[in-house]
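Residue numbers (my numbering), protein chains in the order written: chain W, 1 to 231; chain G, 1 to 314.
A short worksheet on the structure shown next.
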Amino acid sequence: MILLDRVTKVYNRNSTALDRISLHVEPKEFVIIIGASGAGKSTLLKLLTREERQTSGKIVIGGIDYDKLKDKNIPILRRKIGVVFQDFKLLPNKNVYENVAFALEIVGYGNNEIKHTVPRVLDIVGLKGKEKRMPMELSGGERQRVAIARAIVRQPKILIADEPTGNLDPKYAWDIIKILEKINRYGTTVLLTTHNQDIVNKLKRRVITIKDGRIVSDRANAEYNPGTSKI
Amino acid sequence: MNHRLITLGRIIRAGAQNFMRNATLAIAAIAVMVITLTIVLFSIVTNAAFSHTIQQITDKIDVSVFLKDTVTPAQRDKLLSDLRSTDNVKSVEYQSKEDVLKQQQKPTDENMDLQLALAQIDNPFPATIHVKPNDPNKLQSIQNYLEKPEIQALQSSKTTYSGDKKKALDNITKSTKFLREAGLVGVLIFAIVSMLIIFNTIRMAIFNRRDELQIMRLLGASTSYIRGPFVVETIIYGIVSAIISVTVINSLFVVSGSAFAASNFGLLDIGFANNYFRDRFWIILASQLVIGILIGAVSSTVATRRYLKFKSSK
C-alpha cells in the first residue's frame, strides 16, 4: 500500500529532514510513527501527501509512483488519501455538515449522494445532531471529529493522521483514537503520528520511531520508546 | 446529472458568492473597468461620427466647370463624355443655365437682394458641370484635362477646385487622426490599469482566503476548481461594468439628444452618433461584454496562477 525506498529530503545544505528512509506498509495496517519534535515525522507525511517532493529515493502509494506523478494529477492522488491535521484545518465559515460535504463537492459528487453520505459519516464519528454547528462552537475533540469525518467521507484507502490528538485533552484524545481504530477495522490503512505515550502503549500496534531523520526502530505490537536505537 | 455540470454549477455559485462578499474590493475593480469600457465605447462612437462628418464634407468637394453661352450641345456632350472617362471621376452632373437660375431663385431670407437683381436682368449664370472626384486628394487628372487649351476655350471663367474646402478637410482629417490615436492610447492605458487593479483585487482576495485555499488543495480540489470561482468573480465584474458603461453612454445620448436635438458640435454630429449607437445597440453591448469578460478573465487567471502552483522543487 505504502512503499518508501531510501527516501531523502534535504531542505537546504545544513538540514537533512529525512535520511534514506525505507518503509513498507501493508494494506489495512495501523502504523504509529513516533519521534521527538523535528525528528522528521511531519516531513514524512508531507512527502506522502505530495506537499513536498523527496530529494531522492522512491515513493509508491497505492500503485502511484510519485516520480511519475504529474502536477495536474496531484489532486487525484490526494483524493485517495484522507488526512487529519493537528490543527484540524476546518473551514471557519462553514458548519459541520458543510465542512464534510465540501470534501465531496470539490470532487464532483452529486447533491443527493452528498445528502446521503454525510449524515452516515457524521454518525460514525459521533457528531449526529451537531450538523448545523459552526467550528467555533465546537470543542477541540469535536472539531477533530469533523476533520476525521471529512477525511474518511470519500472512503480513502489510506488515512494519514498527523498528531490528531496533539491539541486535545486526554479524554477526548482517546475518543479520537477509538474512531481511528474503527475506521481501520473497516479496512482503511491508518498512519498515525503522535507524542502520546499512553496511546502508543494501549494500542499495541506497529510502531516506527524516527530520530534525526532516520528510522531507528520498527517493531510490531510495540510500546513507546522514543530513545531506542535498536532496529 | 453530469459530473462536470455539477462542478461547473458549484464553481459559478462560489464565484457569485465571492462577488457578494468582496463587494468593497469589487467596487474599485468595477469602477476602473467602467472607465475603460466607457472610453472604448466613446472612442468607437466618436470615431464613427468623425468618419461620417469627413465623408459628408468629402462628398461636397467637386470641380465646377462654367461653360460659355456659345457652347453647342454637341461640344457639351463631348465634354461630358470625355469628363466621365477621365481618371478619378465619380460623377458628372450638368446644369443648364435655366437650372442654375432656378436654383438661385429659390428665395431665402439672405438672398433678397440677389432675387431683386435677378428679376431685372437676363439670366446671368453660365451652364455648369459639376464633377465629383473619387479621391479629392487627386484632382490632377481632371485638372490636366480641363486645362487643355481647346477645353479652356469653352469655359466662361476659371474652373473652381473647391481648394479651400480641401484645405479644411485636410485639417479635419489631421485632427481626427490625432483624436483617434489619443483615444487608442487612452484605451490601452486604462485597459492595463484596470487589469492591474483587478489583478490586485484578486490577489488580496486570495491572500484573505489563503487558509481556505490551502485546505481545498489538501483535500484534492483541482486547480480549475479553486481558480474557477475567482475567474467567475472577475467575469461578473466585466459584465456589471459593461452594463454600467453602456447605460452611461446611453443616458448621455438621451440627455444630449433632447438638449441639442440633432445639432452639431463642430465635427461631432450628435444626431448621427446617437443613431449610430441606437442602430448597433446590441452589437455594442455584446462587444462591451466580451471586452469586459476578457479583461476580467485574463487578469484573474494570471493573478491566481502563481498562487496555485504545486511545489515542484526537490
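Beta carbons: idealized from backbone N, C-alpha and C, even for Gly.
Since this is a predicted model, take the numbers as computed values, not measurements.
How would you list, in chain order, the residues of chain G whose beta-carbon sits under 7 angstroms from the beta-carbon of residue i?
{"i": "I74(W)", "result": "F310"}
{"i": "A103(W)", "result": "L219"}
{"i": "V83(W)", "result": "L218"}
Can residue i and residue j be called in contact, C-beta distance under 7 angstroms?
{"i": "G108(W)", "j": "I152(W)", "result": "no"}
{"i": "V125(W)", "j": "I158(W)", "result": "no"}
{"i": "T189(W)", "j": "K58(W)", "result": "no"}
{"i": "Q86(W)", "j": "N196(W)", "result": "no"}
{"i": "I177(W)", "j": "I210(W)", "result": "no"}
{"i": "S241(G)", "j": "G183(G)", "result": "no"}
{"i": "T8(W)", "j": "S56(W)", "result": "yes"}
{"i": "A221(G)", "j": "I106(W)", "result": "yes"}
{"i": "S194(G)", "j": "M33(G)", "result": "yes"}
{"i": "L101(G)", "j": "F125(G)", "result": "yes"}
{"i": "D19(W)", "j": "R214(W)", "result": "yes"}
{"i": "G238(G)", "j": "G296(G)", "result": "yes"}
{"i": "N184(W)", "j": "F30(W)", "result": "yes"}
{"i": "F230(G)", "j": "D71(W)", "result": "no"}
{"i": "K130(W)", "j": "V96(W)", "result": "yes"}
{"i": "R154(W)", "j": "A103(W)", "result": "yes"}
{"i": "T201(G)", "j": "L25(G)", "result": "yes"}
{"i": "G15(G)", "j": "V232(G)", "result": "yes"}
{"i": "P164(W)", "j": "K80(W)", "result": "no"}
{"i": "I197(G)", "j": "A23(G)", "result": "no"}
{"i": "S193(W)", "j": "I21(W)", "result": "Reading off the sequence, residue 193(W) comes out as Thr, not Ser. No; because the gap between Cβ atoms is not below 7 angstroms, this pair is not in contact."}
Who are the near neighbours of residue i in its chain, counting only those whose CB is closer than 8 angstroms to its CB and skipping five residues on each side?
{"i": "Q75(G)", "result": "L154"}
{"i": "I179(W)", "result": "I124, V125, G126, R145, I148"}
{"i": "L39(G)", "result": "What sits at residue 39(G) in the sequence shown is Ile, not Leu. Only G183, G186, V187, F190 meet the Cβ criterion."}
{"i": "L41(G)", "result": "S245, V246, I249, I284, Q288"}
At a CB-CB cut-off below 9 angstroms, which residues of chain G make contact with residue i?
{"i": "R78(W)", "result": "R217, L218, L219, G220, A221"}
{"i": "D71(W)", "result": "T223, K309, F310, S312"}
In chain W, which residues lie less than 7 angstroms from residue i when you measure between Cβ atoms?
{"i": "I6(G)", "result": "G108, G110"}
{"i": "R10(G)", "result": "E105"}
{"i": "H3(G)", "result": "G108"}
For residue i, return the contacting residues in chain W, with the cut-off set at a CB-CB distance below 9 angstroms.
{"i": "E212(G)", "result": "L91, P92, N93"}
Determine the chain G residues that contact residue i at a beta-carbon separation under 8 angstroms, and present them in chain order.
{"i": "T49(W)", "result": "L218"}
So, at 7 angstroms on beta carbons, what are the nonlocal neighbours of residue i in its own chain, with the 5 sequence-adjacent residues on each side left out?
{"i": "E26(W)", "result": "M1"}
{"i": "G35(W)", "result": "K41, T209, I210, K211, P226"}
{"i": "D269(G)", "result": "A49, H52, T53"}
{"i": "E223(W)", "result": "V200, N201"}
{"i": "L308(G)", "result": "T223, I226, R227"}
{"i": "R306(G)", "result": "none"}
{"i": "N11(W)", "result": "First, the amino acid is wrong: residue 11(W) is Tyr here, not Asn. Result list for Y11(W): A17, in chain order."}
Counting only the same chain and skipping the five closest in sequence on each side, list residues whose C-beta sits under 6 angstroms from that of residue i.
{"i": "S91(G)", "result": "K132"}
{"i": "I129(G)", "result": "V65, Y94"}
{"i": "D87(G)", "result": "S141"}
{"i": "F199(G)", "result": "S299, A303"}
{"i": "S229(W)", "result": "Unreliable positioning characterises S229(W) in this predicted model, as indicated by a pLDDT of 43, which lies under 50. The coordinate reading is nonetheless provided below. Within the same chain, S229(W) has close Cβ partners V216."}
Would you say residue i faces chain G, with C-beta separation under 7 angstroms as the test?
{"i": "N14(W)", "result": "no"}
{"i": "I231(W)", "result": "Summary for I231(W): the model assigns pLDDT 41, below 50, so the residue's position carries little reliability; its value from the coordinates is reported in the next sentence. It does not: the Cβ of I231(W) has no partner Cβ on chain G nearer than 7 angstroms."}
Could you check whether the Cβ of residue i sits closer than 6 angstroms to any heavy atom belonging to the ligand MN?
{"i": "N123(G)", "result": "Among the components modelled here there is no ligand, and therefore nothing to report on the ligand MN."}
Against chain W, does residue i count as a neighbour if the rule is that its beta carbon must be under 7 angstroms from one of theirs?
{"i": "A297(G)", "result": "no"}
What runs of the alpha helix (DSSP H), each 4 residues or longer, lie entirely inside the segment 51–81 of chain G? Runs found: none.
Hey, which unbroken runs of the beta strand (DSSP E) at 3 residues or more fall wholly within the segment 57–138 of chain W? Those beta strand (DSSP E) runs which fall completely within the segment 57–138 of chain W and span 3+ residues are 81–84.
What are the start and end residues of each continuous alpha helix (DSSP H) run of 4 or more residues lying completely inside the segment 94–168 of chain G, in chain order? For the alpha helix (DSSP H) assignment, the uninterrupted runs of no fewer than 4 residues enclosed by the segment 94–168 of chain G are, from N- to C-terminal side, 97–105, 112–120, 140–146, 149–152.
Whole beta strand (DSSP E) elements within the segment 5–61 of chain W, 3-residue minimum: Within the segment 5–61 of chain W, the complete beta strand (DSSP E) runs of at least 3 residues are 15–25, 30–34, 56–61.
Unbroken beta strand (DSSP E) runs of length 3 or more, entirely within the segment 168–209 of chain W: which are they? Here the runs fully enclosed are 189–193.
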